[in-house]
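Peer 1: Have a look at the structure that comes next, please.
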Amino acid sequence: MSDVLSLIIAKYNYWLYVILMMIGLYGMIAKNNLIKKVVGMNIFQTAIILFYVSIGYKTNAGIPIITTADTAHGVVVKAADYINPLTSCLMLTAIVVSVATFGYAMALAVRIYQRYQTLEEDELRMRLSEE
Amino acid sequence: MRILAFIVVCLTGAFLLYGTSEFPDWGDPNSPASLHVAAYYIEKTYEETHAPNFVTAVVTDYRGFDTMFETAVIFTAGIGCFLLLRDFRGKKEHYYHHIPTGVILHIKDEKKSLTIGKEFGYMDKEWVPPDLINKTVCRILIPFIQIYALYVVAHGDYSPGGGFQGGVIFGSSLILLAISYDLKTLVKRVSERLLGIFAALGVLIYAGTGVLCLVMGGNFLDYGVLAPLFPGMADHIRALGMLVVEIGVGIAVMAVMTIIYINIVSEGRHDEGL
C-alpha cells in the first residue's frame with residue numbers, strides 16, 4: 001500500500017492528467033448531447049496540453065527567455081537554466097488550433113440544429129431513420 | 132451505454148496510469164524530452180537567431196514550416212465556418228424602433244426599409260437595449276486591449292507573446308465590441324469582406340516570406356538570406372523575419388476568430404446575435 005502511495009506522490013502530475021483525460025473521454029463516449037461531446041473533447045485536449053507542458057518543466061529553471069546577463073558575448077547558456085521551449089512551442093500552436101476546431105464543431109452543431117431541431121444523439125438517430 | 136463507457140474509460144485510465152510508472156519524475160532536468168534537440172535550442176538559439184525568446188524562435192524559425200500549416204489550419208477552420216453557416220437570404224420582416232419615442236415599427240414588406248440613423252434604430256425579436264455601463268466600460272477598454280494585442284505581437288521575440296496570442300487578444304476585443312453593443316455595430320465597422328481578406332492576407336504574408344527567401348536564393352523560410360533587404364540589420368535579420376511572420380499569424384488569427392464568432396452567434400445571417 002505504501003508503495004502505491006509513494007508511486008502516486010512521485011508522479012502525481014501524470015495521475016492528474018490521466019484523470020482529466022478520462023473525464024473528457026467519458027464525456028465524448030457517454031454524453032448524449034453533441035455540445036457536451038465537444039466540451040469533452042476540449043477537456044481531453046486540455047489534459048494533453050497540461051501533460052506536454054509538465055514534461056518540459058525543470059526544477060530550478062526559469063522561463064525560456066534569455067536573461068540580459070547571458071546575452072553578453074562569451075557567456076555559455078546552460079540548458080539546465082531554462083525550461084524546455086519545445087513542449088511550450090508545440091502546445092502554443094495546439095491551443096489556437098483547438099480553438100479553431102472548437103469553433104468549427106460549434107458551426108456544425110448549429111447546422112445540425114437548424115436542420116433537425118435537436119442536438120440529442122438518440123433523437124437525431126430517430127429523425128434520420130424517419131427520412 | 133453509460134456503464135459500458137465507464138468500464139472502457141476505467142480500463143484505458145488504468146493502462147495509462149500503469150504506463151506512467153516508467154515516466155520521468157516531475158521537474159527532472161534529464162528527462163528524455165529535454166535532452167537532445169531541446170537542449171540544442173536553448174544553447175544555440177540566441178547565437179543563431181538573436182531572438183531572446185526561445186519559444187518564438189522555435190515556433191517561427193526552427194519549426195517555421197510546421198507553424199505555416201498551423202496557420203493554414205486556422206484559416207481553413209474560418210473558411211469552413213463561413214461555408215457551413217453563411218446565409219445570404221435576407222429576413223422577410225424587419226423591426227425598427229423609433230429612438231425619440233420608443234415606438235416599435237414592424238415592416239412586413241421585405242422590399243421596404245428605413246434608413247438607420249438618429250431617428251430609427253435596429254430591432255429584432257431578442258433585442259434588449261444595450262446597458263449604458265457595459266457600453267461605456269467596453270468603449271474605454273477596447274482601445275487598450277487592442278494596443279496590448281499589438282504590443283504582444285510586436286514583442287513576440289523579446290518577451291512572452293507572439294502572433295497567435297496577440298491575434299487572439301485582438302480578436303477578442305472585436306468580440307467584446309459585438310457583445311457590449313450589438314452584432315450590427317461590429318459588422319458595420321469591420322466588414323465581412325475585410326475579415327476574409329485579412330484571414331487570407333495573414334497566411335499570404337507567412338507563405339510569401341518563405342517564397343521571398345526562395346527568390347533571394349536561400350531555403351524556404353530561411354530568413355538569413357533576407358539581409359540585403361534590411362541594410363544594417365544583418366545581426367538581427369532572423370529575429371526580423373520572425374517578426375514579419377508573427378504579424379502574418381496575428382492578422383490571420385484575429386480575422387478567423389471574428390469570422391467564427393460572427394457566423395456562429397447569428398447563424399450566418401450577420402444581423403442579430405448575442
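As given, the protein sequences belong to chains F and H, one line each in that order. Sequential numbering of the first sequence, starting at 1, is according to our numbering. Sequential numbering of the second sequence, starting at 132, is according to our numbering. Where is the CB? At the ideal position from N, CA and C, for every residue including glycine.
Indicate the three-state DSSP secondary structure (helix, strand or coil) for L119(F) in the structure shown.
Peer 2: coil
Peer 1: Around the C-beta of R369(H), are 16 or more other C-beta atoms found within 10 angstroms, so that it is buried, or is it exposed?
Peer 2: buried
Peer 1: Around the Cβ of P64(F), are there at least 16 other Cβ atoms within 10 angstroms (buried) or fewer (exposed)?
Peer 2: buried
Peer 1: In chain F, which residues lie with their C-beta within 7 Å of the C-beta of E174(H)?
Peer 2: V77, A79
Peer 1: Look up N184(H) in the DSSP assignment and say whether it is helix, strand or coil.
Peer 2: strand
Peer 1: Is Y26(F) helix, strand or coil when you go by DSSP?
Peer 2: helix
Peer 1: Just reading off the alpha helix (DSSP H) that G363(H) is part of, what are its end residues?
Peer 2: First-last for G363(H): undefined, no H or E at that position.
Peer 1: For chain F, find out if any of its Cβ atoms is closer than 7 Å to the Cβ of R400(H); answer yes or no.
Peer 2: no
Peer 1: Could you tell me how far apart the beta carbons of T340(H) and V284(H) are, in whole angstroms, since I believe they sit closer than 8 Å?
Peer 2: With a Cβ gap of about 15 Å, T340(H) and V284(H) do not count as contacting.
Peer 1: Do you know offhand how far A208(H)'s Cα is from G327(H)'s?
Peer 2: 12 Å
Peer 1: Quick one: list the residues of chain H neighbouring Q45(F), beta-carbon separation under 9 Å, in chain order.
Peer 2: Ordered by position in chain H, no residue passes the 9 Å Cβ test against Q45(F), which lies about 14 Å from the chain.
Peer 1: So which residues of chain C does Y104(F) contact, with C-beta pairs closer than 7 Å?
Peer 2: Absent from the structure: chain C. Protein chains present are F and H.
Peer 1: Closest to Y7(F) by CA distance: which of L142(H), L148(H), L135(H) is it?
Peer 2: The question names Tyr, but residue 7(F) is Leu in the sequence shown. Of L142(H), L148(H), L135(H), the residue nearest in Cα terms is L148(H).
Peer 1: With 7 Å as the threshold, decide whether the Cβ of Y116(F) is near any Cβ in chain H.
Peer 2: no
Peer 1: Using DSSP's beta-bridge definition, name the partner residues of I238(H).
Peer 2: H225(H)
Peer 1: Can you tell me whether A47(F) is buried or exposed? The criterion is at least 16 other CB atoms within 10 Å of its CB, across all chains shown.
Peer 2: buried
Peer 1: For the 8 Å Cβ check, are there 3 or more pairs between the segment 264-284 of chain H and the segment 337-355 of chain H?
Peer 2: No, because fewer than three Cβ pairs between the segment 264-284 of chain H and the segment 337-355 of chain H fall closer than 8 Å, the two stretches do not touch.
Peer 1: Enumerate in chain order the residues of its own chain whose CB-to-CB distance from R82(F) is below 7 Å, with the five nearest sequence positions on each side excluded.
Peer 2: First, the amino acid is wrong: residue 82(F) is Tyr here, not Arg. A61, G62, P64.
Peer 1: Using beta carbons (cut-off 7 Å, strictly below), is V140(H) in contact with chain F?
Peer 2: yes
Peer 1: In whole angstroms, what separates the C-alpha of L92(F) from that of V77(F)?
Peer 2: Cα atoms of L92(F) and V77(F): separation of roughly 24 Å, rounded to the nearest angstrom.
Peer 1: In chain F, which residues lie less than 8 Å from V168(H) when you measure between Cβ atoms?
Peer 2: L86
Peer 1: State the beta-bridge partners of I310(H) as determined by DSSP.
Peer 2: Looking at the DSSP assignment, I310(H) forms no beta bridge with any residue, so it has no partner.
Peer 1: Give me the DSSP bridge partner(s) of N33(F).
Peer 2: E120(F)
Peer 1: Nearest-angstrom Cα distance between E130(F) and D122(F)?
Peer 2: 12 Å
Peer 1: Quick check on I205(H) - is its C-beta less than 7 Å from some C-beta in chain F?
Peer 2: yes
Peer 1: What is the rounded straight-line gap between the Cα of K11(F) and the Cα of L166(H)?
Peer 2: 20 Å
Peer 1: Of all Cβ atoms in chain F, is any one closer than 7 Å to the Cβ of N177(H)?
Peer 2: For the sequence presented, residue 177(H) should be read as Tyr rather than Asn. So, interface residue.
Peer 1: Bridge partners for I378(H) per DSSP, in chain order?
Peer 2: Answer is none; I378(H) lacks a bridge partner.
Peer 1: Taking only three categories from DSSP, how would you classify G158(H)?
Peer 2: coil
Peer 1: Going straight from the alpha carbon of G181(H) to that of M254(H), what length do you get?
Peer 2: One point to set straight first is that residue 181(H) is His, not Gly, in the sequence displayed. Near 55 Å, if we compare the C-alpha coordinates of M254(H) and H181(H).
Peer 1: Keeping to the same chain, check which residues put their C-beta closer than 7 Å to that of A358(H); ignore five residues upstream and five downstream.
Peer 2: A365, I368
Peer 1: Under 7 Å between the Cβ atoms of Y172(H) and V190(H)?
Peer 2: Their beta carbons are not under 7 Å apart, which means Y172(H) does not touch V190(H) by this criterion.
Peer 1: At which residues does the alpha helix (DSSP H) containing M347(H) begin and terminate?
Peer 2: Premise fails: M347(H) is in no alpha helix (DSSP H) and is neither H nor E.
Peer 1: Using 8 Å for Cβ pairs, my map puts P261(H) next to D313(H). What's the rounded Cβ distance?
Peer 2: About 7 Å; that satisfies the 8 Å criterion.
Peer 1: Leaving out the 5 sequence neighbours to the left and right, which residues in its chain are closer than 7 Å to A105(F) when beta-carbon positions are compared?
Peer 2: So the list reads V38, once near-sequence residues are dropped.
Peer 1: Measure the alpha-carbon distance for S54(F) versus W157(H) and round it to whole angstroms.
Peer 2: Answer to the nearest angstrom: the Cα atoms are 7 Å apart.
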